[in-house]
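Numbering (our numbering), first residue to last: 69 to 351. Down below is the structure, laid out as structure tokens.
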């Protein structure tokens, strides 16, 4: 009969093989989507795609210059809304999260994190678009900023809790005020991890389309005004993809390729910062 140690080794090997196979199966759809988009869109990407405006119906060529610039504006607005709230909220939870208020903040943060993005878009439509009586880049940036908050908040809290308590106590023992301890020592020690959360939040909202349909709406012309509808990569991809024109379909594939590569780069950079943070923590 098989000994207990031998049986344990075989069970361990089978479980490792099962988990490895499960991980591979989970990665298959991701790679299929990535290579499918890449194979269709890479051929349509050229310099004109980044520098030219969309061509009218019937004309070939053109580009997504207005959509790329619009996405950058919307992401900047989203960061101005989501980052201060998320970072300061994370600081509060890390330092005072044991209180009843902290539990309430965590609950609503988790609730917001699970809220569909289209619901956030409808909320911003009700409180921003309807009172102003027009769509705008400001409303789109606010919607994306709200979506960013839970990711930044939870990452900031987690990274601050990883900072050794002895650093805080040592700084306070030397006479530093609490705000100086937080800003100069604790936040500085956790900045790589916080930056990781920021990049992940940006990567998440970069491809959002549903909330922008209710807020920014889209624009076929060059406009960077915060008070007017503005173009964005996800919106332009959506508009071109549902059109009946073959050339617009090619442009949509190219836009999807640029968008997915941008999100991939943000995720890779965030993993790099997190890896360095963990390596420093072990040392």
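All C-beta atoms, glycine included, are put in the ideal place defined by N, C-alpha and C. These numbers come from a predicted model, not from an experiment.
Counterpart residues of residue i in DSSP-defined beta bridges
i           : result
residue 122 : 130
Own chain residues within Cβ distance below 6 Å of residue i, not counting five before or after
i           : result
residue 208 : 142, 280, 283, 284
residue 341 : 260, 263, 264
residue 213 : 146, 149, 150
residue 245 : none
residue 190 : 282
residue 172 : none
residue 287 : 297, 298, 299
Nonlocal neighbours in the same chain, by C-beta distance under 7 Å from residue i, ignoring five residues either side
i           : result
residue 185 : 215, 276, 278, 279
residue 289 : 134
residue 318 : 112
residue 193 : 282, 283
residue 90  : none
residue 83  : none
residue 106 : 325
Sequence-distant residues of its chain with Cβ nearer than 8 Å to residue i (five each side left out)
i           : result
residue 196 : 204, 206, 207, 210, 283
residue 344 : 260
residue 116 : 129, 130, 131
8 Å contact criterion, which residue i and residue j should meet: CB distance rounded
i           : j           : result
residue 153 : residue 250 : No, residue 153 and residue 250 are not in contact; Cβ-Cβ is about 17 Å, not under 8 Å.
residue 138 : residue 298 : 4 Å
residue 258 : residue 334 : The Cβ separation is near 20 Å, so there is no contact.
residue 177 : residue 221 : 5 Å
CB of residue i within 8 Å of CB of residue j, strictly
i           : j           : result
residue 321 : residue 130 : no
residue 219 : residue 269 : yes
residue 229 : residue 324 : no
residue 301 : residue 326 : yes
residue 102 : residue 253 : no
residue 157 : residue 164 : no
residue 217 : residue 179 : no
residue 226 : residue 155 : no
residue 306 : residue 316 : no
residue 337 : residue 267 : yes
residue 118 : residue 136 : yes
residue 188 : residue 313 : no
Inset, instruction - Quick one: which unbroken alpha helix (DSSP H) runs of 4-plus residues sit fully inside the segment 126-203? Chain order, please. - result: As far as the segment 126-203 is concerned, its whole alpha helix (DSSP H) runs of at least 4 residues are 133-164, 168-181, 185-192.
Legend entry - 4-residue-minimum alpha helix (DSSP H) runs that sit fully inside the segment 237-263, ordered along the chain: Correct list: 246-249.
Legend entry - Complete runs of the beta strand (DSSP E) confined to the segment 69-112 [at least 3 residues]: Listed in chain order, there is nothing to give.
Legend entry - Entirely enclosed beta strand (DSSP E) segments - the segment 263-329, minimum 3 residues: If one requires a minimum length of 3 residues, no beta strand (DSSP E) run lies completely within the segment 263-329.
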